[in-house]
Amino acid sequence: MGQEDTIGGDDGSEGAADLFRVIGRQLRLLRERAGLTQRELGERLGYSEELIRSLEGGRRTAQPEFLDAADELLGAGGLLRAAKDDVTRAKARARVKHPAWFQDYARLEADAVEINFFSTLTFPGLLQTESYARTTFMSRQPLLDEATIEQRVSARLARQETLSRWPSPMVSAVIDESVLRRAVGGHEVRIGQLKHIQHLAQLRSTTIQVLPMACEDHSALEGPFILLTPRGRHQLAYLEVQSTNRLVTDAEEVRILAARYGSIRGQALSPHESLALIEELLGEQ
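Counting from 1 along the sequence shown, just add 389 to a position and that's the residue number in the numbering used here.
What follows is the structure in structure tokens.
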């Protein structure tokens, strides 16, 4: 799904961005001093290479538990750990702004205890790498200017902090096989995205299933959708196609979409089979 995201440009957000860039530079220097690549650091800490790259570039916010773990692993002597309170305050000052039509969904997503995606065109925004997200915005028509692209990429990455909070929402995604095979952004971007999905598929809170192209028919040929359950509320749905976006709150409509999602999951490859396919596609490169 290609939700539109923007980041506010007030003093609070600019100050937070400066702090995140400083922490990113410190992380990079400590990693290089330890003789580790971004991939090696990610593997030792249980995070993806893409996340480490985004943190070092100041485009993602380091969570307190990450700062603790990285400080210990890299022998930072408390340098990274000491930044936790500053990061918390900076995040509170910074504001992520969304277009009016997207604000309701973004607020509900941030408080969701369960999120289910059915994706037929692109990987879900919440599961995209930075490079993949940038490609989706660069491909927009009419064209977006560079500043707007960077703002929207940063905002999309900021939304992904939902996946690293505790307790984490239970996330499942049924992704059409064609999405895995389409080289959005080129070979390197596609490989990076597949590796990221491979990493997410192994998390306890995330279930990835692939709907095979060999599936001759399924119950959601009408297109992609999202189901989400906000804390303490009934399940809702979100639809987006071209320039039309709709938050579905009618109980009967949501029930029908939930039933379709259940049917699709039954037709999709199992999580184990899906991970095997992703690894097979990576092995072909």
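Just so it is clear, CB atoms sit at the ideal spot from N, CA and C, and this is done for glycine as well.
Cα-Cα separation, Asn-505 to Leu-617: 6 Å
By DSSP's criteria, Leu-600 is part of a beta bridge. Which residues make up the other side? Asp-565
Assign Val-411 to buried or exposed, taking buried as 16 or more other Cβ atoms, counted over all protein chains shown, within 10 Å of its Cβ. By the 10 Å Cβ count, Val-411 comes out exposed.
So, are the CB atoms of Ala-522 and Val-502 less than 8 Å apart? no
Residues in the same chain with beta-carbon distance under 7 Å from Gly-398, minus the five sequence neighbours each way, listed in chain order, please. For Gly-398, the pLDDT reaches just 43, beneath the cut-off of 50, and the residue's location in the model is therefore unreliable, although a value from the coordinates is still provided. Hits under 7 Å: none found.
Same chain, Cβ closer than 7 Å to Leu-604, neighbours up to 5 away in sequence not counted: The amino acid at residue 604 is misidentified as Leu; the sequence shows Cys. Once the five neighbours on either side are set aside, the close Cβ partners of Cys-604 are Gln-656.
Own chain residues within Cβ distance below 6 Å of Leu-664, not counting five before or after: Ala-590
DSSP beta-bridge partners of Val-630: Note: Val-630 sits in a beta bridge opposite Thr-633.
Return helix, strand or coil for Glu-673, following the three-state DSSP convention. Coil, per DSSP.
Do the CB positions of Leu-463 and Ala-423 come within less than 8 Å of each other? yes
For Leu-610, is the classification buried or exposed, using 16 other Cβ atoms within 10 angstroms of its Cβ as the cut-off for buried? exposed
Kindly indicate which three-state DSSP category Pro-453 falls into: helix, strand or coil? helix
Alpha-carbon spacing of Arg-675 relative to Arg-579, whole angstroms: Because the chain spans 390 through 674 in this model, residue 675 falls outside it and cannot be assessed.
Other residues of its chain near Ala-458: CB distance less than 7 Å, five sequence neighbours each side excluded: Leu-434
Let me check one thing: in DSSP terms, what residues is Glu-539 bridge-paired to? DSSP lists no partner for Glu-539.
Give me, in chain order, the residues of the same chain whose beta-carbon lies closer than 7 Å to that of His-388; leave out the 5 immediate sequence neighbours on both sides. A question about residue 388 goes unanswered here, because the residues of the chain that appear run from 390 up to 674.
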